[in-house]
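Quick note, in the numbering used here, the sequence shown goes up one by one and the last residue is 288.
From the three backbone atoms N, C-alpha and C, an ideal C-beta is built for every residue, glycine too.
Given the structure is predicted, the values throughout are model-derived calculations rather than measurements.
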Amino acid sequence: RNFLEANPDMAATVNAYLRVGIPKGFKLVGRNLDRTINEEATQLAHQLLTRITFVGDPTAGYNPTTDLQSLSEALGRELLLEGAAALELVLDDMQIPTYPVPVAVSTLRFKEDKSKGVYPVQVIAGKEFDLDIATMFYVSVDQDLLTPYSVGFLAVAIRAVLADENFSNFLQRQLKRNISPRLIATIVEDKIKKSVDPKVAANPQKLQEYVVNLISQVENTLEDLEPEDALIGTDAITYDLKAPGGTGSGVGSLFKEVDTILKDRLTAALKSLPAVLGRDTSSGSATT
């Protein structure tokens with residue numbers, strides 16, 4: 001669940017599954033025991049469905065009713081994250097269905113009884129609530145027969161997501177350090193000796209102190225330098241712009257490549273298409 005809220009690729013995957021896997025329409029038909037359609041049962045089923053997913057109980061104040069689309073999205077999300085989905089059908093005093101309530105699978109624990117077999121309980125704030133009731137429904141995907149607990153459909157991707165996040169963090173650190181061109185100042189020692197006081201030039205210790213002080217001054221100047229500032233120096237100090245790879249020709253393409261990677265992740269996070277965001281260079285009309 002934490003990765004789904006933070007990882008663009010996992011969020012886009014779940015979004016795609018829900019958008020594609022949940023149909024817009026549905027069919028609700030009541031049948032007899034011989035599988036023939038029963039018109040009265042069909043009408044009653046539609047009335048009950050309208051009540052529990054749209055109308056609710058008008059005498060109960062606020063009703064946690066929801067439409068089938070939202071209900072399917074919540075249960076589908078649980079199937080992807082937990083490998084199972086659970087739902088409780090709430091009945092009124094007349095034992096008539098009032099509304100369905102999705103139950104978080106992560107809050108369920110299973111117990112075993114000699115008479116009842118395996119049944120679920122819900123743990124909330126350390127308290128157990130028995131769900132051994134006929135109106136509790138539970139379904140799992142690819143259930144392991146050696147355990148009653150399900151395995152998340154996307155759980156196998158956690159290691160890959162962790163590796164991807166670690167690499168992304170590593171890439172960002174390296175970008176700040178290595179991708180930008182560096183301005184390198186070189187102090188020509190022979191010319192420095194000719195420009196200083198002969199007494200300083202003849203004393204190795206004083207010359208070293210002078211050079212260290214000069215390096216510090218140049219370093220402070222370059223650190224405070226803005227891109228629009230001019231750089232003025234003497235022939236004793238030379239300047240060179242060093243780009244990744246030793247030349248400045250590949251900087252533009254490198255910036256473009258990294259920008260493409262970051263925008264692709266942003267597109268996935270926004271659950272959109274490159275053409276919608278104006279980033280699809282292969283189809284001009286769609287981009288426009």
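Just to confirm the assignment, what range does the beta strand (DSSP E) spanning residue i have?
| i | result |
| --- | --- |
| P97 | P97 to V103 |
Could you pull out every residue in the same chain whose Cβ sits closer than 8 Å to the Cβ of residue i, ignoring the five residues on either side in sequence?
| i | result |
| --- | --- |
| D130 | Y119 and V121 |
| L175 | V258 |
| R31 | I37, N38 and A41 |
| E209 | none |
| A269 | P8, A11 and A12 |
| D164 | N7 and D9 |
| M94 | none |
Less than 7 Å between C-beta atoms, sequence neighbours within five positions excluded: which residues of the same chain meet that for residue i?
| i | result |
| --- | --- |
| D92 | D57 and T98 |
| V14 | L4, R77 and L80 |
| F54 | T65 and D67 |
| Q143 | S150 |
| S72 | I22 |
| R265 | P8 |
| T247 | Unreliable positioning characterises T247 in this predicted model, as indicated by a pLDDT of 49, which lies under 50. The coordinate reading is nonetheless provided below. Closer than 7 Å at the Cβ level, and outside the excluded window around T247, lies no residue. |
| V161 | F3, N7 and M10 |
| S195 | A236 |
Indicate whether residue i and residue j have their beta-carbon atoms separated by less than 8 Å.
| i | j | result |
| --- | --- | --- |
| V101 | E78 | no |
| K191 | D229 | no |
| F137 | L87 | yes |
| V200 | L207 | yes |
| V156 | A84 | no |
| L28 | L49 | yes |
| T135 | L171 | no |
| I261 | I215 | no |
| P181 | K256 | no |
| I158 | D240 | no |
Report the partner residues of residue i according to the DSSP bridge assignment.
| i | result |
| --- | --- |
| A296 | There is no way to answer for residue 296, as the model of the chain reaches only from 1 to 288. |
| G292 | Any answer about residue 292 is impossible in this case: the structure gives the chain only from 1 up to 288. |
| F129 | Q122 |
| R182 | K242 |
| I187 | I237 |
| L146 | For L146, which the question treats as bridged, DSSP gives no partner whatsoever. |
| L108 | Q122 |
| L91 | P97 |
Counting only beta-carbon atoms, is residue i nearer than 8 Å to chain B?
| i | result |
| --- | --- |
| P120 | Here chain B cannot be found, since the structure has a single protein chain. |
The alpha helix (DSSP H) with residue i in it runs from where to where?
| i | result |
| --- | --- |
| T238 | First-last for T238: I237 to K242, but that is the beta strand (DSSP E), not the alpha helix (DSSP H). |
| L33 | First-last for L33: undefined, no H or E at that position. |
| L225 | Neither: L225 is in no alpha helix (DSSP H) and is coded neither H nor E. |
| N38 | Per DSSP, N38 belongs to no alpha helix (DSSP H) and is neither H nor E. |
| G21 | P8 to G21 |
| N203 | Looking at the DSSP string, N203 is not in any alpha helix (DSSP H), and its letter there is neither H nor E. |
| V156 | Segment: none, V156 is in no alpha helix (DSSP H) and carries neither H nor E. |
Might you give, ordered along the chain, the residues of its own chain that have their beta carbon closer than 6 Å to the beta carbon of residue i, omitting 5 neighbours on each side?
| i | result |
| --- | --- |
| L18 | E73 and G76 |
| A16 | none |
| E128 | V121 |
Inset, instruction - Would you be able to state if there are at least three C-beta pairs under 8 Å between the segment 110 to 120 and the segment 137 to 150? - result: Taking 8 Å as the limit for Cβ pairs, the verdict is that the segment 110 to 120 does touch the segment 137 to 150.
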